[in-house]
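>
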Amino acid sequence: MGTSSHPSSIRSRNSISTLRVLQNVFSIAILLATLFTAISPRVFTGNYLSSVLAPFLSPQQAVNAPIPTTEFSVRIGIVSGHWGHDSGAVCDNGTTEQQVNLMIATLVQQKLSGLGYQVDLLQEFDTRLVDYRAVALVSIHNDSCQYINDQATGFKVASALASRDPNLSLRLVSCIRDRYEHITGLPFHPNSITPDMTQYHAFQEIDPATTAAIIETGFLYKDYDILTKNPELIADGIVAGLVCFVNNENIAPEPTITP
Numbered sequence: 001m002g003t004s005s006h007p008s009s010i011r012s013r014n015s016i017s018t019l020r021v022l023q024n025v026f027s028i029a030i031l032l033a034t035l036f037t038a039i040s041p042r043v044f045t046g047n048y049l050s051s052v053l054a055p056f057l058s059p060q061q062a063v064n065a066p067i068p069t070t071e072f073s074v075r076i077g078i079v080s081g082h083w084g085h086d087s088g089a090v091c092d093n094g095t096t097e098q099q100v101n102l103m104i105a106t107l108v109q110q111k112l113s114g115l116g117y118q119v120d121l122l123q124e125f126d127t128r129l130v131d132y133r134a135v136a137l138v139s140i141h142n143d144s145c146q147y148i149n150d151q152a153t154g155f156k157v158a159s160a161l162a163s164r165d166p167n168l169s170l171r172l173v174s175c176i177r178d179r180y181e182h183i184t185g186l187p188f189h190p191n192s193i194t195p196d197m198t199q200y201h202a203f204q205e206i207d208p209a210t211t212a213a214i215i216e217t218g219f220l221y222k223d224y225d226i227l228t229k230n231p232e233l234i235a236d237g238i239v240a241g242l243v244c245f246v247n248n249e250n251i252a253p254e255p256t257i258t259p
């Protein structure tokens with residue numbers, strides 16, 4: 001014979017089941033509240049989610065890489081030719097190349113510093129040149145104060161004959177040549193670039209990672225007036241060339257050198 005439950009027993013069991021369900025719901029609610037409190041609110045902001053999900057939602061775009069950014073990326077070295085060593089070329093009126101170089105180099109330092117760069121003004125054989133590290137180093141000189149010929153006017157710029165990165169060296173030279181010629185109006189005089197320039201002693205002393213160049217800003221005989229009476233313009237040309245290099249600005253196309 002079958003058995004049947006008493007109505008009061010059924011109600012009792014239903015009450016217990018309902019109570020257990022409510023307890024479970026309450027426990028889950030407490031757990032969720034705890035989790036939401038523990039998680040930082042920024043997780044739920046649009047910007048944070050966008051930054052996390054962006055790499056997975058769209059392909060990465062290639063960009064033109066600037067000069068590598070390191071602890072010395074905003075440091076620039078300026079060597080004032082012959083300073084602290086000798087007079088360099090000497091003009092009949094007593095003006096020395098060292099004086100003109102230092103006048104221009106000081107202006108270059110001041111202008112670059114005003115733009116926010118860390119600039120070291122260095123002597124010809126400065127002890128700091130040994131393993132010197134910077135994004136760029138430029139040595140400033142001038143050519144003869146004696147008459148050579150009517151074509152002995154203008155500037156010349158060169159990098160090391162052997163460079164760790166020929167393309168970077170070429171770019172520095174190209175930037176300086178382009179900006180200096182445009183700003184000063186002086187012609188480029190490549191035929192008089194000598195081994196003394198391409199084998200300049202500082203190129204062998206500085207850290208190999210430092211891109212370097214040497215510039216003869218003009219001939220002290222034919223270009224005397226602009227060099228001594230308008231050194232601001234000369235300095236502007238050098239500064240613009242360095243800024244062009246550091247900021248990877250556009251210049252006229254140059255051939256690529258493969259090491």
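Just so you know, the sequence shown maps onto residues 1 to 259 in our numbering. Heads up, the beta-carbon is just placed ideally off N, CA and C, and yes, glycines get one too.
1. Inspect the CB distances between the region 213 to 233 and the region 92 to 109 and report whether three or more fall short of 8 Å.
2. Just the C-alpha distance for N261 and H189, rounded to the nearest angstrom, thanks.
3. Give me whichever residues DSSP pairs with D143 in a beta bridge.
4. Which runs of the alpha helix (DSSP H) fall wholly inside the region 175 to 236 and span at least 4 residues, in chain order?
5. With 16 as the cutoff for other CB atoms within 10 Å, does L242 come out buried or exposed?
6. Does the distance from the C-beta atom of I140 to that of G81 stay below 8 Å?
7. Are the region 209 to 217 and the region 149 to 163 touching, with three or more C-beta to C-beta distances below 8 Å?
8. Which one of R133, M197, I104 has the shortest CA to CA distance from L118?
9. Using 8 Å as the Cβ pair cut-off and three pairs as the minimum, do the region 151 to 159 and the region 178 to 188 touch?
10. Measure the alpha-carbon distance for D131 versus N142 and round it to whole angstroms.
11. Can you give the Cα-Cα distance for A235 and A105, rounded to whole angstroms?
12. Are Q146 and Y200 closer than 8 Å when you measure CB to CB?
13. Would L129 and A202 qualify as a contact pair, given that the criterion is a beta-carbon distance under 8 Å?
14. Distance, Cα to Cα, D92 vs S144?
15. Looking at the secondary structure, which residues open and close the beta strand (DSSP E) in which I76 lies?
16. Over the uninterrupted alpha helix (DSSP H) stretch that includes L102, give me the two end residues.
17. Do G88 and F125 have their C-beta atoms closer together than 8 Å?
18. How is the beta strand (DSSP E) around L122 delimited, first residue to last?
19. Taking a contact to mean a Cβ-Cβ separation below 8 Å, would you say I238 touches V138 in this structure?
20. Using a 10 Å radius around the Cβ and a threshold of 16 neighbouring Cβ atoms, would you call S159 buried or exposed?
21. Report the partner residues of V135 according to the DSSP bridge assignment.
22. With DSSP run on the structure shown, which of helix, strand or coil describes F125?
23. In whole angstroms, what is the alpha-carbon distance linking A136 and L107?
Let me spell this out:
1. yes
2. The question about residue 261 has no answer here: the residues shown for the chain are numbered 1 through 259.
3. Taking the sequence shown and counting its residues from 1, one reaches residue 143 at position 143. F219, per the DSSP bridge assignment.
4. 195 to 198, 201 to 205, 224 to 229
5. For this step, residue 242 is matched to residue 242 along the sequence shown. Counting Cβ neighbours within 10 Å, L242 comes out buried, since at least 16 surround it.
6. For the purposes of this step, residue 140 is taken as residue 140 along the sequence shown, with counting starting at 1. For the purposes of this step, residue 81 is taken as residue 81 along the sequence shown, with counting starting at 1. Yes, the pair counts as a contact, with Cβ atoms nearer than the cut-off.
7. Yes, they touch.
8. To locate residue 118, count along the sequence shown from 1; it is residue 118. Checking the displayed sequence, the identity of residue 118 turns out to be Gln instead of Leu. Of R133, M197, I104, the smallest CA-CA separation from Q118 is found for R133.
9. yes
10. As a working note, residue 131 is residue 131 in the sequence shown. As a working note, residue 142 is residue 142 in the sequence shown. The straight-line gap from Cα to Cα measures roughly 25 Å.
11. Here residue 235 refers to the residue found at position 235 of the sequence shown. Here residue 105 refers to the residue found at position 105 of the sequence shown. Between A235 and A105, the alpha-carbon positions lie close to 7 Å from each other.
12. Walking along the sequence shown from the start, residue 146 turns up at place 146. Walking along the sequence shown from the start, residue 200 turns up at place 200. Going by C-beta atoms, Q146 is not nearer than 8 Å to Y200.
13. Translated into the one-based positions of the sequence shown, residue 129 becomes position 129. Translated into the one-based positions of the sequence shown, residue 202 becomes position 202. Contact check for L129 against A202 passes: the beta carbons are separated by less than 8 Å.
14. Position 92 of the sequence shown holds residue 92. Position 144 of the sequence shown holds residue 144. Roughly 11 Å separates the two Cα atoms.
15. What you label residue 76 is simply residue 76 of the sequence shown in a count that begins at 1. Its beta strand (DSSP E) spans residues 75 to 80.
16. As a working mapping, residue 102 is identified with position 102 in the sequence shown. L102 -> alpha helix (DSSP H) spans 97 to 114.
17. The residue given as residue 88 occupies position 88 in the sequence shown. The residue given as residue 125 occupies position 125 in the sequence shown. Their beta carbons are not under 8 Å apart, which means G88 does not touch F125 by this criterion.
18. Here the question's residue 122 lines up with position 122 in the sequence shown. Where L122 is concerned, the enclosing beta strand (DSSP E) stretches over 118 to 122.
19. Your numbering for residue 238 matches position 238 in the sequence shown. Your numbering for residue 138 matches position 138 in the sequence shown. Contact: yes.
20. Here residue 159 is taken as the residue at index 159 of the sequence shown, counted from 1. S159 should be labelled buried.
21. Position 135 of the sequence shown, counted from the first residue, corresponds to residue 135. DSSP lists no partner for V135.
22. Stepping through the sequence shown from its first residue, residue 125 is reached at position 125. Correct three-state label for F125: coil.
23. Numbered from 1 along the sequence shown, position 136 holds the residue referred to as residue 136. Numbered from 1 along the sequence shown, position 107 holds the residue referred to as residue 107. So the two alpha carbons sit approximately 17 Å from each other.
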